[in-house]
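Undergrad: Each residue of the sequence shown is one higher than the one before, starting from 981 at the first, in this note's numbering.
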Amino acid sequence: MTPQEKEALVAECRASGTTAKAWCEEKGIPYGRYMNWAREVNRKANHDPQQWADVTLVKEQPCDEIKIQCGKWSIGIKSGFDSNVLTEVLKAMDTVC
């Protein structure tokens, strides 16, 4: 059996949604033989060179305001806010949301 045939059978088994043992019984393939094929396929997959994915960086946009919503409540927070005031407001919102 060629390596491509083994790969195809291992892929079919994995896509079947059943256990390997049940799939092998259904196909009349000895389970031990299938496990050897699966090991070979896994070993080959681990030796294939990895490829890099293209990544596009997006320039970060400055944010003028952050909005926090909780139910019908909405709070707009602008840069330079007082963190103590925000803490108190969030505590108050926590009791009603």
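For every residue, glycine included, the Cβ atom is placed at its ideal position computed from N, Cα and C.
Would you kindly work out how many angstroms separate the C-alpha atoms of T1036 and M981, rounded to a whole number?
TA: Answer to the nearest angstrom: the Cα atoms are 43 angstroms apart.
Undergrad: May I have a chain-ordered list of the beta strand (DSSP E) segments no shorter than 3 residues that lie completely inside the segment 985-1068?
TA: For the segment 985-1068, whole beta strand (DSSP E) runs of length 3 or above, ordered along the chain, are 1045-1050, 1053-1058.
Undergrad: Take every Cβ of the segment 989-1003, pair it with every Cβ of the segment 1017-1027, and state whether three or more of those distances are shorter than 8 angstroms.
TA: Flag = yes, the segment 989-1003 and the segment 1017-1027 touch.
Undergrad: In whole angstroms, what is the alpha-carbon distance linking G1060 and T1067?
TA: About 14 angstroms.
Undergrad: Helix, strand or coil for T982? Go by DSSP, reduced to three states.
TA: Here T982 sits in coil by DSSP.
Undergrad: Can you find the residues in the same chain that come closer than 7 angstroms, C-beta to C-beta, to I1046, ignoring five residues on each side of it along the sequence?
TA: Only I1057 meet the Cβ criterion.
Undergrad: Answer with buried or exposed for C1004, where buried requires no fewer than 16 other C-beta atoms within 10 angstroms of its C-beta.
TA: C1004 should be labelled buried.
Undergrad: Alpha carbon to alpha carbon, how far is D1078 from A988?
TA: Given a span of 981 to 1077 for the chain in the structure shown, any question on residue 1078 remains unanswerable.
Undergrad: Which same chain residues, not among the five before or five after R1023, have their C-beta less than 6 angstroms away from its C-beta?
TA: Counting only Cβ-Cβ distances below 6 angstroms, and skipping sequence neighbours, we find nothing.
Undergrad: Could you tell me if C1050 is buried or exposed, where buried requires 16 or more neighbouring beta carbons within 10 angstroms of its beta carbon?
TA: The residue in question, C1050, is exposed, as its Cβ has fewer than 16 Cβ neighbours within 10 Å.
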